[in-house]
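Participant: Each residue of the sequence shown is one higher than the last, beginning at 1345 in this note's numbering.
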Amino acid sequence: MSLSDLTDEDLLAVVVPIMDNLMDASTRIDYEAHGRDFADRAKASLSEANFRRICEGHQSEKGYFADRELLGILSRPGSVVVVWKQRFTKVPGEFQAELMLSESAGRPMIERVMVI
């Protein structure tokens, strides 16, 4: 079954563990764990050095990832985008976390992830 065919509840059962892994791996600055679900193009766009720089910058400036709240799910043929309101431990305010997944070889793969 395609990601775009899943109900929101079923989709979140797939997406939340992937996003939790990304947040945990970023906190631990674990490049291998962070990239485990990346599609080839996403992997190629993030070197280990750049990943480390981004993580250290976020932790220094904003702290660690705190709670997040689902804002919405955008589903289209071949991919889904999930958007959350994200908070950090050091700074007040809300940020946007976004995860785009597609399917490759029958499994969800990260095409893009960002927190802005």
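Ideal placement from N, C-alpha and C gives every residue a C-beta, glycine not left out.
Among R1372, M1367 and G1416, which residue has its Cα nearest to the Cα of V1459?
Facilitator: To locate residue 1459, count along the sequence shown from 1; it is residue 115. Among R1372, M1367 and G1416, the Cα nearest to that of V1459 belongs to M1367.
Participant: Assign Q1430 to one of two classes, buried (16 or more other C-beta atoms within 10 Å of its C-beta) or exposed (fewer than that).
Facilitator: Numbered from 1 along the sequence shown, position 86 holds the residue referred to as residue 1430. Q1430 comes out buried.
Participant: Taking 8 Å as the threshold (C-beta atoms), are S1423 and A1383 in contact?
Facilitator: Translated into positions along the sequence shown, residue 1383 becomes position 39. Translated into positions along the sequence shown, residue 1423 becomes position 79. No. Outside cutoff.
Participant: Identify the residues that DSSP records as bridge partners of L1445: which are they?
Facilitator: Residue mapping note: residue 1445 aligns to position 101 of the sequence shown, counting from 1. Paired residues: V1424 and I1454.
Participant: Taking the alpha carbon of L1350 as the point to measure from, which residue in A1410, L1418 and Q1403 has its own alpha carbon closest?
Facilitator: Counting from one through the sequence shown, the residue named residue 1350 turns up at place 6. The candidate whose alpha carbon is nearest that of L1350 is L1418.
Participant: Can you tell me the Cα-Cα spacing of D1374 and R1420, whole angstroms?
Facilitator: Position 30 of the sequence shown, counted from the first residue, corresponds to residue 1374. Position 76 of the sequence shown, counted from the first residue, corresponds to residue 1420. The alpha-carbon atoms of D1374 and R1420 are separated by roughly 31 Å.
Participant: Would you decide whether P1452 is buried or exposed? Buried here means 16 or more other CB atoms lie within 10 Å of its CB.
Facilitator: For this step, residue 1452 is matched to residue 108 along the sequence shown. With 16 or more other Cβ atoms within 10 Å, it is buried.
Participant: If contacts are defined as beta-carbon pairs under 8 Å, then F1432 and Y1408 qualify, I think. What distance do you get, rounded to the angstrom?
Facilitator: Taking the first residue of the sequence shown as position 1, residue 1432 is located at position 88. Taking the first residue of the sequence shown as position 1, residue 1408 is located at position 64. Indeed they touch by this definition, with Cβ atoms about 7 Å apart.
Participant: Less than 8 Å between the C-beta atoms of A1410 and W1428, yes or no?
Facilitator: Residue numbering aside, residue 1410 sits at position 66 when the sequence shown is read from its first letter. Residue numbering aside, residue 1428 sits at position 84 when the sequence shown is read from its first letter. Going by C-beta atoms, A1410 is not nearer than 8 Å to W1428.
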